[in-house]
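In what follows, a structure is listed as structure tokens, so that the remarks can point back to it.
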Amino acid sequence: MDVRGDFLVIGSGIAGLRAALSLAEGGDVIILTKADPRESNTGYAQGGIAAAIGPDDSPELHARDTMAAGDGLCVPEAVDVLVREGPRYVGELIDWGAAFDRDADGRPALGREGAHSVRRVLHARDATGREIARLLGSRVGGDRRIRVVDDALATDLVMTGGRCAGAAFVTTSAARGTALAGRTLLATGGAGQVFRETTNPAIATGDGIAMAARAGARVVDLEFVQFHPTVLDVEGAPRFLLSEALRGEGARLINNAGEAFMQRYEPAGDLASRDLVSRAMVREAEGTGSPVYLSLAHLDPDFVRQRFPTIARVCAAGGLDLARDPIPVSPAAHYVMGGVETDLDGRTSLPGLFAAGEVACTGVHGANRLASNSLLEGLVFGARAAAAMKAASRPAALPASDVVEDTVPDKGGDTVPSAYDARDLMWRDVGVVRARPGLERAVAQLQEWAGAVAAGRRSRGSDQELRRISSIVTAGLLIARAALRRAESRGAHFRTDFPSRDDLHWKKHVSDRIGRA
Ligand code: FAD
Ligand code: SIN
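No gaps in the numbering here: position 90 of the sequence shown is 91 in this note's numbering, and each next residue is one more.
In structure tokens:
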């Protein structure tokens, strides 16, 4: 099947849907999405969406918290755009009918999360993403200029004369197609599935990063992967996220002796930024030889069950009472701060190709994302990318970064790994705590696998499982070699062999490039 439009959007999460609504004012839009259109990281978002709308808040304060979490690497212009334009786009969601929780005065109730200095997070109980996806999905469904093509896994960008002209796709029944458009937006979301332990749903395999990199686009900051500290850790149960909003409402991390230990590691205690909490948990678990737990037993049980109904239900299914029992938790891969390098309007280094949302890297999150800034990023930068696509703007200069040019070899081993093997390797050697020997091992192995996968792609191009493995291996390799290159610790990137931040050599973004271009 071949389809054509003025604009192509790949992905139906918050960034893709918000962009499509604006693009439809300028032409016909095709949205390609690889699964059910509702299946996205967006749909699983729990805690909420941050915006400086509270009486004690301001864009300046929101910027300060964002930059502090980003550990010296946020691009200030991107942060400025996020915090200043954020309230307007969140207000638009409210005008469109988003059912955010309200306080006693009828104003949006604001939650607190780690490393935020004030309450700033709008939410719909503990299923904020589902509400936003419902709202945007229904508006897209009502717009006759937007056509959603589901079960269409984009596999490669179509490049014509150095310009992106759309994407090739395959369906689950191995039918192939092409979607052609003058301007293409990558909104394919994250890459949590590159790691064995993750909060992300099955769709998050880093396809956009892999596709863009293969076409020659610059990717940047991929060493910065956020590991969310509190993910349900019960044998046989899915790694379900236990929102940071729980700690925002008073939940505490405790060890097997029942001691609340975070204050021993960080002055901000349970509400320190995620990287700090995750590493403290790993150290505590190693030190005690026992798991760590999240405890809400000191809070009002009715409040807990009402405020967090989805999380309470999932815990109950695992035989745990969220309001009473210590809940076993451990970190899991959650969010990729790096991605396809863009300017503030979503332009990538390839003409005709734009990117927004988790797949993109504007530098807004630096080395570590502040909680609940990602949905906001998808809204703000999705809308901005759409505006730039409609204006058909010429490619502009991208933010300065060192470019390392390298190639993923076409020749390598003969064995295509299973997805599990690749994800397991990433978790063991490129996870929460990293060091040179593991990173070198991971890079060498992934490079070998990349060769086998590239050969497989040529002979078994419409095999969806091979495509999934291909994305995991390519995105994994880019993450692993970025982590090996950065010889310091900063934000979410922690190396035992370089445990300190090194501003003299590493206060910079490093881009990478494979493929043509
Ligand atoms: P997504 O929402 O992931 O959408 C990507 C889309 O692209 C999907 O439709 C997918 O099917 C499609 N796609 C991918 N590859 C292809 C392909 N090859 N071909 C076709 N289609 C493709 N952030 C917050 O700010 N607040 C929160 O409370 C919050 N909670 C979270 C809870 C969980 C459990 C998770 C996993 C994440 C959470 N995040 C939160 C992060 C946030 O949800 C995501 O970063 C954000 O939703 C990403 O939006 P997106 O539009 O970029 O991508
Ligand atoms: C959470 O609810 O803890 C996730 C929030 C986020 O990822 O921003």
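Glycine included, each C-beta is placed from N, C-alpha and C at the ideal position.
Nearest to residue i by alpha carbon, out of the options?
i           : options            : result
residue 217 : 178, 162, 140, 371 : 162
residue 332 : 41, 208, 474, 434  : 434
residue 60  : 438, 349, 81       : 81
residue 145 : 496, 155, 27, 342  : 27
residue 98  : 211, 118, 7, 138   : 138
residue 157 : 484, 297, 496, 469 : 469
residue 297 : 58, 249, 83        : 249
residue 174 : 483, 462, 512      : 462
residue 172 : 357, 2, 380        : 2
residue 295 : 320, 325, 315, 317 : 325
residue 194 : 246, 227, 187      : 227
residue 135 : 83, 19, 445        : 19
residue 351 : 183, 375, 41, 54   : 183
residue 379 : 4, 17, 6           : 17
residue 36  : 203, 209, 274, 291 : 203
residue 114 : 107, 124, 108, 106 : 124
residue 245 : 330, 223, 188, 131 : 330
residue 101 : 151, 126, 233      : 126
residue 453 : 442, 474, 436, 444 : 474
residue 132 : 49, 424, 199, 185  : 49
residue 446 : 431, 457, 460      : 431
residue 166 : 180, 153, 311      : 180
residue 315 : 235, 170, 443      : 235
Is residue i a contact residue of the ligand FAD, with contact defined as CB to any heavy atom under 7 Å?
i           : result
residue 154 : yes
residue 35  : yes
residue 464 : no
residue 272 : no
residue 200 : yes
residue 331 : no
residue 204 : yes
residue 40  : yes
residue 454 : no
residue 360 : yes
residue 328 : no
residue 45  : yes
residue 366 : no
residue 172 : no
residue 162 : no
residue 266 : no
residue 117 : no
residue 376 : yes
residue 299 : no
residue 191 : yes
When burial is assigned at 16 or more other CB atoms within 10 Å of the CB, is residue i buried or exposed?
i           : result
residue 476 : buried
residue 382 : buried
residue 397 : Here residue 397 scores only 45 on pLDDT, less than 50, and its place in the model should not be relied on; the value that follows carries that caveat. Flag for residue 397 reads exposed.
residue 588 : Because residue 588 is not part of the residues shown, which for the chain are 2 to 518, the question remains open.
residue 509 : exposed
residue 307 : exposed
residue 336 : buried
residue 196 : buried
residue 90  : buried
residue 416 : exposed
residue 497 : exposed
residue 340 : buried
residue 407 : Per-residue confidence for residue 407 stands at a pLDDT of 46, beneath the threshold of 50, marking its modelled position as unreliable; the derived number appears in the next sentence. Residue 407 should be labelled exposed.
residue 395 : At residue 395, the pLDDT of 44 sits below 50, so the modelled position is not reliable and the matter cannot be decided from this model.
residue 303 : exposed
residue 357 : buried
residue 317 : exposed
Specify, as a first and last residue, the run of the alpha helix (DSSP H) that residue i falls within.
i           : result
residue 448 : 437–460
residue 469 : 465–486
residue 510 : Here residue 510 belongs to no alpha helix (DSSP H), and DSSP marks it neither H nor E.
residue 43  : 42–45
residue 95  : 77–97
residue 209 : 208–215
residue 6   : Careful: residue 6 lies outside any alpha helix (DSSP H), inside the beta strand (DSSP E) at 3–11.
residue 327 : Neither: residue 327 is in no alpha helix (DSSP H) and is coded neither H nor E.
Terminal residues of the continuous beta strand (DSSP E) containing residue i?
i           : result
residue 340 : 340–342
residue 316 : Counting along the chain, residue 316 falls outside any beta strand (DSSP E), though it belongs to the alpha helix (DSSP H) covering 310–318.
residue 32  : 30–33
residue 150 : 147–150
residue 293 : 293–296
residue 164 : 164–171
residue 130 : Per DSSP, residue 130 belongs to no beta strand (DSSP E); it is in the alpha helix (DSSP H), 129–142.
Report all residues for which the CB-ligand distance to some heavy atom of the ligand SIN is below 5 Å; order them along the chain. 47, 48, 244, 245, 372, 373
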